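Working notes for the structure below.
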Amino acid sequence: MTGSRGSSAKTHSVSASLRRALNRLRSFFRKEPLDRDFNEEMASHLDMAIEENLQRGMPPEEARRQALVRFGGTQQLREQHRETRGLPWLDMLTQDLRFTLRTLRRDRGFTLVAVLILGLGIGANVAVFSVVNTILLRPLPFHQPKQLVRILTKKDTGGESSQTFSADATQALQRQTRSFQSVTGYFAFTASDNYKLQGKGEPLPISGLNVMGNFFQTLGVQPVVGRVFTDEECLKNSRPVVLLSYPFWKRQFHSDPQIVGQAINLSGTPVTVIGVLPESFDFGSFFSPGTKMDIYVPAILDDMRDWGNTMALVGRLKPGITLEQAQAEADILFTRLPFNLRHPEYGGGYAGRLLGMKDYVSGKLRRSLIVLWCAVGLILLIVCVNLSNLLLARTAARSKEFAMRSALGAGRWRLVRQLLTESLVLASAGALLGLGFAYAVIHDLAHQGSIALPLLSQIHVDGSVLAWTILIAVVCGVLFGLAPGLRMAGGNLQETLKDSGVGTSEGRQHERLRNVLVISEVALACVLLVGAGLLLRSFLRVLDIDLGFHPSRAAAIQVEYDADTSEKRSAALQEILRRIQALPGIEAAGISDVLPLSRNRSWGISAKGKDYRKGELEDTFLFVTTPGYLDAMGIRLLEGRDFTWQDGPKSENVVIINQTIARKLWPGQNPVGQIAQINGDDRRVIGVVADVRESSVEGYGGWQMYLPATQAGPVGAELVVRTSLPPDALASSVMRTLRELNPAQPATEFRTIQSFVDHAISPRRFFMLLVSSFAGLGLLLASLGIYGVVSYSVTRQTHEIGIRMALGASRARVQTDVIRRTLRLALIGIGVGTVVAFGVSRLIASLLFGTEPADPITFAGMVLLLGAVALIAGYLPARRASRIDPMIALRTN
Amino acid sequence: MGDSKLDLLQGTLDLMVLQTLAAMGSMHGYGIARRIEQVSGEEVLLNQGTIYASLVRLQQRGWIQGKWGTSENNRKAKFYSITAAGRKQLAADAAYWERLAGVMGRVLAMQDEGGGQ
């Protein structure tokens with residue numbers, strides 16, 4: 016039948032439609048010449064028609080009249096012509112835009128406030144989105160990042176040591192796995208500033224990481240210059256080579272590609288530079304937030320066989336293998352992995368736990384980030400409500416203008432569109448400003464190093480951030496433009512025109528809408544404030560934690576000394592401490608190989624002569640220290656004594672344990688004097704110290720023990736000093752002394768112990784500060800909203816108040832009335848907000864520390880704060896109301 | 313409906329203009345309007361001016377082109393002529409109309425028979 020082909024006549028070829036669209040667009044920009052052309056064409060048409068009519072014998076007047084009648088209305092035809100050839104909607108849009116810009120320019124104060132508020136709201140949203148996008152949403156910048164898996168163990172105590180594998184286990188895994196295409200790893204116990212770059216001037220401390228030969232191939236990281244390691248370069252006694260990180264290459268070698276192939280002096284050894292890694296590869300931001308690596312050197316597994324569990328592993332799954340399948344294999348395979356092939360008696364077997372790389376990097380932050388995202392979304396809502404309110408007030412003031420335009424024939428839809436255009440223009444301006452704010456914040460975040468959050472260095476404004484900005488600008492514009500627009504559309508023309516304005520109270524409906532908006536604003540602000548209050552209180556609780564040491568007035572510096580035997584080491588350390596303690600301002604000094612809240616390593620400890628069930632003993636954090644370290648750190652000695660220099664290599668082996676070990680190994684006994692077994696040696700317990708927060712400020716400290724540096728091998732030397740002076744004042748004298756003792760002492764940084772603590776709690780501080788500033792912004796906006804509504808209604812009622820005062824109402828009475836009305840709005844808002852906050856606080860319970868989600872102090876504090884602010888916001892217009900002079904108020908109308 | 317003139321269906325005017333230009337060669341707007349009026353036996357209800365919207369549409373689709381020139385009695389006028397693409401479109405549209413007209417004729421004839429029962 017024909018039906019199926021019915022449309023064929025109307026569907027023109029694609030090229031014809033396309034050409035038409037292009038022509039219409041072109042016509043839009045050539046209005047004037049086209050209009051002129053059409054006018055001429057019409058004139059010529061009419062001339063010809065008149066001429067023909069004249070030839071038929073009509074009198075000139077009639078000939079002209081007939082021609083015009085046959086032709087049709089020229090104005091209408093002109094319109095029709097324009098609409099057909101051009102883009103009528105675009106015409107209208109430009110008209111609306113032009114009009115909007117004109118009105119906004121006239122109302123500069125309003126425009127400024129609106130754009131600023133929007134800029135803050137949108138800016139906060141864009142900045143948070145880019146953080147969320149980078150940390151949570153965007154895939155990691157590796158080749159096929161979903162295949163990457165972090166290989167951990169099922170232990171949850173013991174820090175890094177318990178999450179690492181021995182060299183033999185690593186190689187056995189590489190050979191035996193069927194789930195992974197490749198398994199790689201890095202040395203997990205790297206200290207910062209572990210290398211010295213020598214050759215030019217003072218030795219420069221730099222941080223280097225030992226990675227396995229296939230590390231970069233497994234991750235899929237390509238060097239920007241040169242190449243990555245070969246297998247041969249990871250063998251014992253091979254030619255030493257190094258890869259540079261991008262920032263280090265830029266800073267130290269001015270991005271000179273010629274450096275590849277040259278040798279640099281690393282801690283006294285010439286090492287050949289073979290390549291430079293890309294800027295996008297920042298080891299710290301994936302594996303160890305807050306640390307910076309300058310160079311990468313091959314991990315020689317042959318040298319590491321007796322080091323125990325030191326390799327942190329990463330694997331790349333074979334295509335098509337899921338994490339669950341790999342875990343199933345790991346559950347069997349890992350139990351059979353050897354620990355040390357030369358010493359099978361040490362035992363072996365691991366409990367492997369596989370975690371997707373993305374989860375490893377950002378999994379723990381998911382909840383915090385989502386909370387942050389919601390908080391910033393609330394801010395945007397408050398901004399929208401606030402602007403809606405401002406616009407409503409404006410529409411009310413402009414209702415006459417709109418009524419007039421409507422009476423003159425403007426369609427209602429056209430007026431609503433006008434209002435929407437206005438709000439979209441405001442939103443776009445706000446979005447531009449917000450993008451500026453966000454850009455500054457993002458730049459700042461990307462270039463700071465003190466917040467221990469992963470991937471922060473990767474943050475930048477990209478396409479998705481821009482798309483998000485546009486999306487929220489449009490949503491915002493429609494949201495806050497809709498309420499006034501709908502009111503407009505629903506308004507009654509005659510009523511508005513009749514309304515004499517200022518004198519009478521405004522329509523109740525209008526006021527009710529504005530009240531609802533203010534109430535919701537207060538409620539939203541209340542939710543934000545309670546959330547921020549809970550986080551703030553948690554943060555204060557964290558600051559209050561007994562760390563087990565005293566960070567204030569203590570500082571640490573990395574020390575180098577030459578000693579190849581334990582006797583020489585003992586002498587060198589003793590000499591360093593003697594000289595340092597002699598410096599003015601030093602109260603105590605001591606050396607430990609690792610410090611709390613930085614890196615860590617763990618061994619095992621048990622009471623001699625007892626058998627333990629599997630799992631009864633915990634991995635024990637190990638600190639190899641000199642006498643004086645406990646004092647310098649401010650670690651409380653509970654029982655027994657500190658080490659002395661008499662606890663030497665030849666004397667009895669000793670150990671100091673923490674309270675947790677004492678309680679677990681010798682419950683109900685005095686641990687001092689007991690014999691412990693550590694790494695196969697007997698050691699006498701000589702002291703018990705307080706638990707120290709080791710791997711995190713908030714977490715469980717775990718088992719901790721201290722061995723004297725004279726009896727055990729330290730893995731570095733951190734000199735800790737406690738001073739009566741500000742630590743900075745000592746930096747130069749300490750460094751001078753160290754240089755005198757060892758000219759090769761690199762210019763390592765003098766770090767306060769407080770900075771370790773700050774670094775450890777920086778994520779919590781970061782989230783707390785962000786949510787608090789959002790809450791502050793919300794509070795400000797809510798008070799602005801209250802002020803706006805009350806102030807506006809006072810202005811509208813000037814006349815009415817004048818009459819009341821003329822009839823005898825006192826100033827105090829008028830003032831109380833206004834304040835009471837304000838408080839009623841605020842209280843309803845606070846009531847609703849508290850109920851919502853009560854529910855919401857449960858959702859953030861896991862982010863709190865030592866604070867109940869329904870913490871009464873926080874709730875009460877926030878309610879009081881919000882109430883007080885509302886009171887102030889209402890007091891200003893109330894005072895104005897009470898100062899109305901009845902005579903003037905009555906006369907002006 | 314005293315002088316019952318035909319209201320033009322959407323799109324039919326475009327087809328008429330195309331056909332006129334195909335048959336008559338280059339013409340100005342007034343000429344086309346007059347020609348359509350004459351051929352239709354003055355039966356088409358047409359404000360002569362509406363022809364220009366149709367001309368813009370056709371021009372923008374690339375089916376006709378317009379050029380300013382001088383008329384037979386030395387008057388400045390814009391002359392339109394059909395393009396190759398326009399001829400192709402005309403053929404397609406004409407075929408469609410003929411089929412539609414045939415079908416409509418048959419359908420209406422059937423209704424007549426039904427009514428006579």
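Residue numbers (our numbering), protein chains in the order written: chain Y, 16 to 908; chain R, 313 to 429. Where is the CB? At the ideal position from N, CA and C, for every residue including glycine. Computed from a prediction, not measured in an experiment: that's the story for all the values here.
- Here the C-alpha atom of W264/Y lies approximately 12 Å from the C-alpha atom of I279/Y.
- Interface criterion met: the Cβ of L92/Y is under 8 Å from a Cβ in chain R.
- With a threshold of 8 Å between beta carbons, H475/Y makes no contact with chain R.
- For the pair of segments examined, the stretch 51-66 of chain Y was found not to touch the stretch 114-123 of chain Y: the number of CB pairs separated by less than 8 Å stays below three.
- Assignment of D696/Y by DSSP, reduced to helix, strand and coil, places it in the strand class.
- In the DSSP assignment, the residues bridged to G367/Y are T168/Y.
- When beta bridges are read from the DSSP output, F495/Y appears opposite no residue.
- V226/Y has its alpha-carbon roughly 39 Å from the corresponding atom of A482/Y.
- Not one beta carbon of chain Y lies nearer than 8 Å to the beta carbon of V356/R.
- Runs of the beta strand (DSSP E) lying entirely within the stretch 224-265 of chain Y and spanning at least 3 residues, in chain order: 256-259.
- Put simply, the backbone Cα of G424/Y is about 31 Å away from that of A444/Y.
- Residue state for Q726/Y is assigned as coil, using DSSP reduced to three classes.
- With a minimum length of 3 residues, the unbroken runs of beta strand (DSSP E) contained wholly in the stretch 166-222 of chain Y fall at 195-202, 210-213, 219-221.
- One thing to note: T168/Y has its Cβ within 8 Å of the Cβ of Y365/Y.
- Under the 8 Å criterion on CB atoms, F44/Y is classed as non-interfacial with respect to chain R.
- When DSSP states are grouped into helix, strand and coil, Y576/Y belongs to the coil group.
- With contacts defined as CB atoms closer than 8 Å, F202/Y and M326/Y qualify as a contacting pair.
- In this structure, L470/Y lies away from S535/Y, with their beta-carbon atoms at least 8 Å apart.
- Within the stretch 352-376 of chain R, the residues whose Cβ lies closer than 8 Å to any Cβ of chain Y are, in chain order, N359, Q360, G361, T362, Y364, A365, V368, R369, Q371, Q372, R373, G374, W375.
- Residue H358/Y holds the alpha-carbon nearest to the alpha-carbon of A182/Y among L858/Y, D743/Y, H358/Y, L108/Y.
- According to the DSSP assignment, I457/Y belongs to the alpha helix (DSSP H) that extends over 427-461.
- Note on A827/Y: under 16 other CB atoms within 10 angstroms of its CB, so exposed under the neighbour-count rule.
- No Cβ-Cβ contact shorter than 8 Å links L407/Y with G793/Y.
- Membership of T837/Y in the alpha helix (DSSP H) is indicated by the continuous run 826-858.
- The Cβ atoms of L219/Y and Y261/Y lie no closer than 8 Å to each other.
- At a Cβ-Cβ threshold of 8 Å, V704/Y and L645/Y count as neighbours.
- Residue contact check for G72/Y against chain R: no CB pair falls below 8 Å.
- Residue-level contact check: G341/R touches chain Y, since one or more beta carbons of chain Y fall below 8 Å from its beta carbon.
- If you draw a straight line from the Cα of E355/R to the Cα of I348/R, it is about 10 Å long.
- Against chain R, the CB of D62/Y has a partner CB under 8 Å away; the residue lies at that interface.
- Residue pairing for M339/R: DSSP places it in a beta bridge opposite Y392/R.
- DSSP, reduced to helix, strand and coil, places Q661/Y outside both helices and strands of the structure shown, so it counts as coil.
- Assigned with DSSP and collapsed to three states, I289/Y falls in strand.
- The stretch 320-338 of chain Y and the stretch 147-164 of chain Y touch, with three or more beta-carbon pairs separated by less than 8 Å.
- One Cα belongs to A677/Y, the other to P686/Y, and the distance between them is close to 6 Å.
- Judged by pairs of C-beta atoms under 8 Å, the stretch 382-397 of chain R touches the stretch 61-76 of chain Y, as three or more such pairs exist.
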